[in-house]
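Converting from the sequence shown to the numbering used here requires adding 35 to each position, the first position being numbered 1.
What follows is one structure encoded as structure tokens, with my remarks underneath.
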Amino acid sequence: MSYRIAVDTGGTFTDVVVADPQHNLTVNKALTDHSRVFNGIREALGVTAAGLGVSLDELLSQTSIFIYATTRATNAIIEGKTAKTAFLTTRGFKDTLVLREGGRPNAYDFSVAYPAPYVPRRLSFEIDERVDAEGNIITPLNEAQVRDVLRELKALDIEAIGVSLLWSITNSAHERRIGELIAEELPGVPFTLSHSVNPIIREYRRASSAVIDASLKPLMQTHLKNLAVDLKAAGFTGELLAATSFGGVMSVEALGERPIYSTRSGPSMAPIAGKVYGQAELGARDVIICDTGGTSFDVSMVRDGDVVFTRETWLGERFLGHLTGLSSVDARSIGAGGGSIAWVDPGGLLRVGPQSAGSQPGPAAYGNGGELPTVTDAATVLGYLNPDNFLGGRLKLDVPASRRAIATVADPLGLSVEDAATGVMKIASEAMVQAVQEITVNEGVDPRECLMVAGGGAAGLNIAAVVKELGAKHVLVPRTAGGLSACGAQFSDIISEYSATLLLDTRNFAFDRANDVLADLDRQMDAVAKDLETRGVLGIERRYFVEARYEGQAWELEVPLRGNRFDNQADVDQLVGDFHAIHERIFAVTDPGSLVEVLFWKARLTAVVAKPSLVAGGQGGSDTPHASRIAHFEETGSVRINSYDGPALSVGSRIPGPAVIEEPTTTIVVYPGMTAIVTSHRNYLIETGV
């Protein structure tokens, strides 16, 4: 007997999804313990093991694969808790991290201070060296100066070093030599060389990748090592894998060497689950995935069967946060989760988020000392949540505490507690609508033509209202919605990416140079593929991409290639045609007469591994409500509604709103005028009535 475990540790909850040998998925949650992450994992797994009729020791000892996703790296960056890091660069480019690429969220808002660089200027050091754009050495590396700088860094107790020289992407000799000198002068201090982590032409993005990666190494290497030690002590002897921002997994050892890949790893798993559920239930190839956790609301997309990727991966607010510079699943996040705090601004307007109550103390409803009003408290006041059946009955909600918390925003506004709670839900919903529109309408996609798949512990509270506002007819809420990201890890493959920079134009295309770059990417993948094949993967898939632009444009668009070689002009014409089509979809305009430039080349290797399959449910169960309670809706006021035990419902059941469906790890609110249908896989398809 063999189990497969996937874990996603968020800012509020730790989600676990266990697949048994019959491919049944069991979801459980526990509050995240930030002091020792395994504590929360152990609690959730203990509940799961009991439900499966085995002990925790038996569950772990019989588990073949354990997949771990975490927000630890992202949170450390946003909270400024990474290692003390130095930045080494070419003389004259000390301010690369200071100047960034410009930009601000609001071009006319000068009240917002210019953001501080990721590494303080006082810890940025210039090195005498210079390589030109063709890779020729103009100024040799001053090794004596490098040693002096490294000795100064030792005196400053530097914990990590990021190195980004101007043209290291064309000739990496100087960067590699600095790496050797660091190992000599500062043994044990982790460092990252920019050409090895992100070989792109834009110096800010490459430098940002290097320093972010370096700064995370002490933290994440220790974190992953502790997890491995705790799992081993608990009896786990299988393979430990970690989720990455690519929407796949890799070994924890490999992730420890490139911890920047763990940023945004949690949100990257949700679209994998959305893709699987959308295809299984409705054969959908265009899917919008909404993941509402305790801290944030994440939106991602599957377009024409493929997860959408981006290089605009910001940690924190756009332009004000920090840019990884690396390709990752395109997941947009806003502070609108179950723990998001409601407040009244100085102008007397009700606001929600982005601040979150987290897991400690959490919403007032949790009874852990929290006093600030949150979305969860609003749902508790409105009667959407069952106080006696939260987290499967393991946490009793404190309704009076929630009412006191919501009253702190209701009283200043002259509203009843119920009306204020309704306002909190509406404001959170509107923020979610805008987030969905950003990734769809702004990218040339009509959300009404896509299937919406919703997950996260707080998703069911208002996702139906969000979808109706968007004009979509239905939304699919999986029964595993409470752990959607962890569920996605169950369906993920081993993914790695390789990249190179080469500027070519399609009018005078250099076939040999293009094919040399693609062949080099293939050689890099060959070594990894050979190792993976010995581990018994089901197959190896390779895909190739370029980033292209019209001549004179500032930014590129990613274009999939049809193969790994350019044999004739027809292949180039195909690339140009594909670029025009993508440009038309996103910007609603194309310029067939303009020259197209190709700047960046990328290959993605996917090792397909065995994974659970979705199991269709039987016809047993009933559609009889197990209880009723008073709930408040804007359309109806306070009314008595039916509540249903989700696991007991039969396939094909139709639940008219207003009603609630209670799953062990989430609650689904069916609003007035809507209907929830139990699908063949025992998921919930909510018809919005649009």
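A virtual CB, placed ideally from N, CA and C, is assigned to each residue, including glycine.
Residue j beta carbon less than 8 Å from that of residue i
i, j, result
"S199", "S229", "yes"
"A108", "M304", "no"
"R514", "R717", "yes"
"L553", "Y585", "no"
"V476", "P482", "yes"
"T245", "Y103", "Correcting the residue type first, residue 245 is Ala in the shown sequence and not Thr. No, these two residues do not count as a Cβ contact at 8 Å."
"T702", "T330", "no"
"V459", "V410", "yes"
"R126", "E161", "yes"
"G88", "T49", "no"
"F145", "E532", "no"
"Y149", "H357", "no"
"W636", "L556", "yes"
"S243", "G360", "yes"
"T14", "A499", "Examination of residue 14 is not possible in this model, given that the chain is present from 36 through 725 alone."
"L684", "G656", "yes"
"R39", "P693", "no"
"L596", "V572", "no"
"I441", "V416", "yes"
"A521", "V72", "no"
Residues bridged to residue i [DSSP beta-bridge criterion]
i, result
"E697", "D680 and T702"
"M487", "I323 and V510"
"I575", "A642"
"I369", "F332"
"N63", "V51"
"I690", "A711"
"H357", "L350"
"K726", "Past the edges of the chain, shown from 36 to 725, lies residue 726, and the structure says nothing about it."
"G672", "F668"
"E722", "H509 and T710"
"S363", "T345"
"K728", "Lying outside 36 to 725, the shown extent of the chain, residue 728 is not represented and no answer is given."
"A377", "V387"
"F122", "S159 and G197"
"T105", "T44"
"Y585", "V631"
Presumed contact (8 Å Cβ cut-off) between residue i and residue j, rounded CB distance
i, j, result
"A377", "R367", "About 22 Å; that fails the 8 Å criterion."
"A436", "G402", "6 Å"
"S715", "V686", "6 Å"
"T124", "S159", "7 Å"
"V734", "I529", "Because the chain is modelled from 36 through 725, residue 734 falls outside the range shown and cannot be assessed."
"L95", "F354", "44 Å between Cβ atoms; not a contact."
"G309", "V322", "5 Å"
Residue i (DSSP reduced to helix, strand or coil)
i, result
"H661", "coil"
"V631", "strand"
"R157", "helix"
"S99", "strand"
"A297", "It is Ser, not Ala, that sits at residue 297 in the sequence shown. DSSP places S297 in helix when its eight states are reduced to three."
"S782", "Outside the shown range of the chain, which is 36 to 725, sits residue 782, and nothing can be said about it."
"F580", "strand"
"P389", "strand"
"V89", "coil"
"V342", "strand"
"V42", "strand"
"L317", "helix"
"Y312", "helix"
"V337", "strand"
"V480", "coil"
"R77", "helix"
"A151", "coil"
"G382", "coil"
"P140", "coil"
"V72", "helix"
"G291", "helix"
beta-carbon residue i near the ligand MG non-hydrogen atom, thresh 7 Å
i, result
"D680", "Judged by which ligands are present, the structure shown has none, so any question about the ligand MG falls away."
Any chance you could list the beta strand (DSSP E) runs of at least 3 consecutive residues sitting entirely within the segment 165-242, in chain order? Note on the segment 165-242: whole beta strand (DSSP E) runs with a minimum of 3 residues are 172-174, 195-199 and 226-228, in chain order.
Return the chain-ordered ranges of every beta strand (DSSP E) run that is complete within the segment 240-284 and spans a minimum of 3 residues. 274-278
Any alpha helix (DSSP H) of 4 or more consecutive residues that is wholly inside the segment 398-461: 410-416 and 434-448
Uninterrupted alpha helix (DSSP H) stretches inside the segment 489-567 (no shorter than 4 residues): 498-505 and 519-525
In chain order, what are the residue ranges of uninterrupted alpha helix (DSSP H) at least 4 long that sit wholly in the segment 590-628? 604-622
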